[in-house]
Structures are given as C-alpha cells and as structure tokens.
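Enquirer: Numbering (full-length UniProt numbering), first residue to last: 1 to 83.
Don't be surprised by glycine CBs; every beta carbon is placed ideally from N, CA and C.
1) Can the beta-carbon of residue 50 be found less than 8 Å from the beta-carbon of residue 34?
2) When you compare the CB positions of residue 30 and residue 12, do they come within less than 8 Å of one another, or not?
3) Spell out the partners DSSP gives residue 27 in its beta bridges.
4) When the Cα atoms are used, what is the spatial distance from residue 54 to residue 48?
5) Which residues in the same chain as residue 6 place their Cβ atom closer than 7 Å to its Cβ, once the five residues preceding and following it in sequence are excluded?
6) Where does residue 43 sit, in a helix, a strand or coil, going by DSSP?
7) So residue 57 and residue 46 are in contact, right, with Cβ under 8 Å, and what is the actual spacing, rounded?
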C-alpha cells in the first residue's frame, strides 16, 4: 500500500468532540471515506504516530501527533518522517 492518503479521499470535521477516557483530552470527530470495514464500523481511531495513512491525514488537517510507543532507535519527530 502506498504511503499517504488514498486518491480521491474525502474527510470532514463533524464539529463534535469526544473525551479520551485516560487523559481527559477532547478529541475531534471526523468522517472519512477511506475507513476500511475490516478495521471496524462506526467510530474508529486515527493513530498518526503509528500509521502512514493516519499520519498523512493528521498532517493534512492539522491534528497533533502523539506517540503511544516509540520504536527503539527512532528519536526524530514525525515532521521528519518520509510519509
């Protein structure tokens, strides 16, 4: 699969937020045309710190990138990643 967003993708901010159950952060809710049904239906997460398509989406719409885990030896910030 190529890095980045699928050609012809669409997305839109819904104007709504949900609250992260561990941090209490407000998270924006978006709709997207490229969500794969094998990953789930309804609400699915965006994981820009660990997925190339999600990183491209986060960059496109200005979402912050946070890491749950950082691979050994990977010190650079996501703005330096190739995708």
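Expert: Here's the rundown:
1) Taking the first residue of the chain shown as 1, we reach residue 50 at position 50. Taking the first residue of the chain shown as 1, we reach residue 34 at position 34. Contact: no.
2) Position 30 of the chain shown, counting from 1, holds the residue named residue 30. Position 12 of the chain shown, counting from 1, holds the residue named residue 12. Their beta carbons are under 8 Å apart, which means residue 30 touches residue 12 by this criterion.
3) Sequence index remark: in the chain shown, residue 27 carries index 27 (1-based). DSSP lists 18 as partners of residue 27.
4) On the chain shown, residue 54 is found 54 positions in, with the first residue counted as 1. On the chain shown, residue 48 is found 48 positions in, with the first residue counted as 1. Distance between the alpha carbons of residue 54 and residue 48 is about 4 Å.
5) Numbered from 1 along the chain shown, position 6 holds the residue referred to as residue 6. Within the same chain, Cβ atoms closer than 7 Å to the Cβ of residue 6 are found at 34, the five residues on either side in sequence being excluded.
6) Taking the chain shown and counting its residues from 1, the one referred to as residue 43 is at position 43. In the structure shown, residue 43 sits in coil (DSSP, three-state: anything other than H, G, I, E or B).
7) Here residue 57 refers to the residue found at position 57 of the chain shown. Here residue 46 refers to the residue found at position 46 of the chain shown. So it is a contact: roughly 6 Å between Cβ atoms.
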